[in-house]
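The listed protein sequences derive, respectively, from chains A and B.
Read in order, the letters of the first sequence correspond to residues 1 to 158 in the numbering used here.
Read in order, the letters of the second sequence correspond to residues 1001 to 1078 in the numbering used here.
For every residue, glycine included, the Cβ atom is placed at its ideal position computed from N, Cα and C.
Quick notes on the structure that follows.
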Amino acid sequence: MAETTAKRLAIIAGHGTLDAAYPPLILSTSAIAMDMEAAIFFTFYGLNILKKGQADKLKVAPIANPAMPIPVPNIIGMLPGMTHMATGMMKSWMKKAKVAKLSELMEVALESGVRLIACQMTMDVMGIKKEDLIDGIEIGGAATFLEYASQNAIVLTF
Amino acid sequence: MAINADQVLDCSGLACPMPIIKTKKAVDGLQVGQVLQMIATDPGSVSDVEAWTKKTGHELLGHQKDGDKFVFFIKRTK
Chain A
1 MAETTAKRLA IIAGHGTLDA AYPPLILSTS AIAMDMEAAI FFTFYGLNIL
51 KKGQADKLKV APIANPAMPI PVPNIIGMLP GMTHMATGMM KSWMKKAKVA
101 KLSELMEVAL ESGVRLIACQ MTMDVMGIKK EDLIDGIEIG GAATFLEYAS
151 QNAIVLTF
Chain B
1001 MAINADQVLD CSGLACPMPI IKTKKAVDGL QVGQVLQMIA TDPGSVSDVE
1051 AWTKKTGHEL LGHQKDGDKF VFFIKRTK
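Here you go:
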């Protein structure tokens, strides 16, 4: 019988902000909990999520972001310290909502067998070395991701 | 609801996706036929637990609201 439901979740994480890092980690760890397989392909700024000790230091961008719960005009957002401030506000809201930290979700992802794939090409572009990234990940390219995604996967991009 | 649980898992105060991730771990630790009582405060867990049982094939025997808590009874089926 043909498989009628997807068995895999394949995600591309291309952004390195706090808010962009959550969906890939939440969805991939949930997929494993739902007896699916999951992989995240980290490329460009998304590689920052994989840097050692960086997961909990990712920031929220107040500039060109009209959707902050408390809107910050761009001209204010560009002032020194505003990124730090917006990030602090977001973190306090998340703490209040009891959202797990990114480092905790990353630990769950590693433990539960989410494949974490760092894009070799963009590592070279951005001067990121394997030893800059956390242990337990793989390094690969487009073909690695596509081979995985081509087998009955839901594919999402963040 | 009079359902006897073999194990209780308290996910009070946890946000998505942790209740589901902890539920999965707990159900994996049960014998087939045993029942997990899971307690959550995340209102999203009502929809999520239902979706999780639908996808994994385990049985949601029932759920109830107890003040600000949601209580689920999940039977391991395989």
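> For Thr157/A, which three-state DSSP category applies?
Replying inline: As a position in the first sequence, residue 157/A is number 157, starting the count at 1. Strand at Thr157/A.
>> 7 Å is my cut-off, CB to CB: does Pro1017/B come that close to chain A?
In response: Within the second sequence, numbered from 1, the residue matching residue 1017/B stands at position 17. For Pro1017/B, the answer is yes, since a Cβ of chain A falls inside 7 Å of its Cβ.
> With burial defined as no fewer than 16 other Cβ atoms inside 10 Å of the residue's Cβ, what is the status of Ile32/A: buried or exposed?
Replying inline: Here residue 32/A corresponds to residue number 32 of the first sequence, with the count starting at 1. Ile32/A should be labelled buried.
> Measuring CB to CB, does Val1027/B end up less than 7 Å from Leu1036/B?
Replying inline: As a working mapping, residue 1027/B is identified with position 27 in the second sequence. As a working mapping, residue 1036/B is identified with position 36 in the second sequence. Yes, they are a contact pair.
>> Checking the sheet assignment: what are the DSSP bridge partners for Gln9/A?
In response: Numbered from its first residue, the first sequence carries residue 9/A at position 9. Before going on, a small fix: residue 9/A reads as Leu here, not Gln. According to DSSP, Leu9/A bridges with Ala38/A and Ile154/A.
> Whose Cβ in chain B lies nearer than 7 Å to the Cβ of Thr29/A?
Replying inline: Position 29 of the first sequence, counted from the start, is the residue given in the question as residue 29/A. Simply Pro1017 and Ile1021.
>> So, at 7 Å on beta carbons, what are the nonlocal neighbours of Lys7/A in its own chain, with the 5 sequence-adjacent residues on each side left out?
In response: Looking up residue 7/A in the first sequence gives position 7. The answer, listed in chain order, is Met36, Glu37 and Asn152.
>> Below 8 Å on C-beta distance, what does Gly1013/B contact in chain A?
In response: By one-based count along the second sequence, residue 1013/B stands at place 13. What Gly1013/B touches in chain A: Lys98.
> Between Leu156/A and Gly136/A, which are expected to be in contact by the criterion C-beta below 8 Å, what is the C-beta distance as a whole number of angstroms?
Replying inline: Your numbering for residue 156/A matches position 156 in the first sequence. Your numbering for residue 136/A matches position 136 in the first sequence. Not really, about 22 Å apart at Cβ, beyond 8 Å.
> Hey, would you say Lys1069/B sits closer than 7 Å to Ile1039/B, going by beta carbons?
Replying inline: Along the second sequence, one-based indexing puts residue 1069/B at 69. Along the second sequence, one-based indexing puts residue 1039/B at 39. Yes.
>> Let me confirm a value: Thr1077/B is counted as buried when at least 16 other C-beta atoms fall within 10 Å, else exposed. Which label applies?
In response: To locate residue 1077/B, count along the second sequence from 1; it is residue 77. With fewer than 16 other Cβ atoms within 10 Å, it is exposed.
> What residues are listed by DSSP as bridge partners for His1063/B?
Replying inline: As a position in the second sequence, residue 1063/B is number 63, starting the count at 1. Its beta-bridge partners are Phe1072/B.
>> As a quick exercise: from Asp1006/B, Gly1067/B, Ile1074/B and Gln1007/B, pick the residue whose alpha carbon is nearest that of Asp1048/B.
In response: One-based indexing of the second sequence puts residue 1048/B at position 48. Comparing Cα positions, the closest option is Ile1074/B.
> Are the CB atoms of Ala55/A and Ser112/A nearer to each other than 7 Å?
Replying inline: Sequence index remark: in the first sequence, residue 55/A carries index 55 (1-based). Sequence index remark: in the first sequence, residue 112/A carries index 112 (1-based). Not in contact: Ala55/A and Ser112/A (Cβ atoms no closer than 7 Å).
>> By the DSSP assignment, the alpha helix (DSSP H) with Gly77/A in it spans what residues?
In response: Here residue 77/A refers to the residue found at position 77 of the first sequence. Taken as a continuous stretch (DSSP letters only), the alpha helix (DSSP H) holding Gly77/A covers Asn74 to Gly77.
> Tell me the DSSP bridge mates of Cys119/A?
Replying inline: Position 119 of the first sequence, counted from the first residue, corresponds to residue 119/A. BP columns for Cys119/A point to Gly140/A.
> Could you give the distance in angstroms between the alpha-carbon of Thr144/A and the alpha-carbon of Thr5/A?
Replying inline: On the first sequence, residue 144/A is found 144 positions in, with the first residue counted as 1. On the first sequence, residue 5/A is found 5 positions in, with the first residue counted as 1. Whole-angstrom Cα-Cα distance: 22 Å.
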